[in-house]
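Asker:
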Amino acid sequence: MYDAQFTVMPDFGRFPGFPLGIGHIYDEPEHAVNGTAYQPSFYNLHFVVKGTGWMRTEHGTVELKPGMGFLYGGHPQYFGTNSDDPWEVWWIYIAGEGMSSLLGDKAMRDVWAFSYGENNQVMALVQELWTTARQNNARQVPKQAALLYELLLELLLHASDLNAAGERGLSHAIRRTAEYMRMNCARSLPLQKLADLCEISPAYFSRTFHEVMGVPPLTYLSNQRIELSKQMLMATSKPVKQIALEVGFSQASYFIERFRLAEGVTPTVFREGAARKG
């Protein structure tokens with residue numbers, strides 16, 4: 001059985017992500033998806049609550065049990081139920097240009113598979129989002145966005161990563177270090193310290209990080225600091241110099257230079273533009 005609620009994308013475009021649809025699937029022994037791919041900035045989030053199923057990743061097939069889930073972005077999707085033990089799943093269809101920044105390195109994979117185990121807060125948030133969506137009330141849009149954001153943070157901060165079992169040890173260590181860099185980007189993170197987290201030399205770390213993440217480590221760190229500064233520019237009235245220091249840049253002039261290269265405008269112009277849109 002399929003049960004779903006859908007919502008029109010709100011005109012307000014600054015939510016990191018918004019739940020365009022949420023649904024419940026059960027008693028469907030043939031349920032499967034083979035190769036569907038979404039456009040950029042659209043995501044498919046699933047939670048298994050009963051039964052079993054499977055999901056194919058770039059590292060092989062993962063068996064899915066209650067307490068597990070997965071999130072697909074723009075990559076082809078391959079998953080389904082086991083016909084002899086049909087699953088019960090909840091799904092959320094998400095849109096938002098801020099999702100990639102929120103998900104960090106998890107957005108770069110073909111799929112993020114996770115285990116939320118006995119974390120009751122996860123399904124409580126899903127149920128609350130379902131109840132809110134069924135009201136079909138435009139005034140509930142902020143609440144829907146807030147519930148989704150809380151749900152995603154709950155997963156990012158507390159869920160176990162199932163992809164790790166299939167990744168090579170060093171590749172996984174690099175991704176974990178990238179996540180550490182994203183969460184601690186405002187701190188001083190010298191290359192030696194980052195390399196020590198992977199127990200390799202700085203030169204080998206830099207080369208391997210570039211191969212795994214697509215950019216050199218210091219560029220990745222700078223990008224995370226720029227993203228944090230954008231949030232502060234929009235949400236606070238702090239001077240640009242103070243923001244530069246708080247996000248990890250030792251010199252405001254270098255921060256302004258990196259910001260302009262990344263965004264095409266200076267921090268001040270970015271803040272003025274955000275204020276006009278708001």
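In terms of full-length UniProt numbering, the sequence shown is residues 1 to 278. For every residue, glycine included, the Cβ atom is placed at its ideal position computed from N, Cα and C.
Does the count of Cβ pairs from the stretch 47-60 and the stretch 100-108 closer than 8 Å reach three?
Answerer: Not touching, per the Cβ criterion.
Asker: Between Ser237 and Pro267, which are expected to be in contact by the criterion C-beta below 8 Å, what is the C-beta distance as a whole number of angstroms?
Answerer: Along the sequence shown, one-based indexing puts residue 237 at 237. Along the sequence shown, one-based indexing puts residue 267 at 267. So it is not a contact: roughly 13 Å between Cβ atoms.
Asker: Can you give me the start and stop residues for the alpha helix (DSSP H) that Leu156 sits inside?
Answerer: By one-based count along the sequence shown, residue 156 stands at place 156. Counting along the chain, the alpha helix (DSSP H) containing Leu156 begins and ends at Val141 to His158.
Asker: Considering only C-alpha positions, which residue in the set Tyr93, His75, Lys65 and Ala95 is nearest to Thr81?
Answerer: Locating residue 81 in the sequence shown gives position 81, where the first residue counts as 1. For the residues Tyr93, His75, Lys65 and Ala95, the minimum Cα distance to Thr81 belongs to Lys65.
Asker: Does DSSP put Leu245 in a helix, a strand or coil?
Answerer: What you label residue 245 is simply residue 245 of the sequence shown in a count that begins at 1. If DSSP states are grouped into helix, strand and coil, Leu245 belongs with the helices.
Asker: Pair every Cβ in the stretch 66-85 with every Cβ in the stretch 28-48, then say whether three or more of these pairs are closer than 8 Å.
Answerer: Flag = yes, the stretch 66-85 and the stretch 28-48 touch.
Asker: I'd like the list of long-range same chain contacts for Ala32, defined as Cβ closer than 8 Å, with 5 residues on each side in sequence excluded.
Answerer: As a first step, residue 32 is located in the sequence shown; it is residue number 32 there, counting from the start. Taken in chain order, the residues that qualify are Phe79, Gly80 and Thr81.
Asker: What is the rounded straight-line gap between the Cα of Asn137 and the Cα of Trp130?
Answerer: In the sequence shown, residue 137 corresponds to position 137, counting from 1. In the sequence shown, residue 130 corresponds to position 130, counting from 1. Spanning the two alpha carbons is a distance of roughly 13 Å.
Asker: Could you check whether Pro216 and Phe205 sit closer than 8 Å to each other, using their CB atoms as the reference points?
Answerer: The residue given as residue 205 occupies position 205 in the sequence shown. The residue given as residue 216 occupies position 216 in the sequence shown. No, these two residues do not count as a Cβ contact at 8 Å.
Asker: If contacts are defined as beta-carbon pairs under 8 Å, then Gln144 and Ala133 qualify, I think. What distance do you get, rounded to the angstrom?
Answerer: Counting from one through the sequence shown, the residue named residue 144 turns up at place 144. Counting from one through the sequence shown, the residue named residue 133 turns up at place 133. Gln144 to Ala133, Cβ: 7 Å. Contact.
Asker: If you follow the alpha helix (DSSP H) that Met108 is part of, which residue opens it and which one closes it?
Answerer: Position 108 of the sequence shown, counted from the first residue, corresponds to residue 108. Here Met108 belongs to no alpha helix (DSSP H), and DSSP marks it neither H nor E.
Asker: What's the C-alpha gap between Arg175 and Leu194?
Answerer: Here residue 175 refers to the residue found at position 175 of the sequence shown. Here residue 194 refers to the residue found at position 194 of the sequence shown. Distance between the alpha carbons of Arg175 and Leu194 is about 12 Å.
Asker: Measuring CB to CB, does Phe249 end up less than 8 Å from Arg225?
Answerer: Residue 249 sits at position 249 when you count from the first residue of the sequence shown. Residue 225 sits at position 225 when you count from the first residue of the sequence shown. Yes, they are a contact pair.
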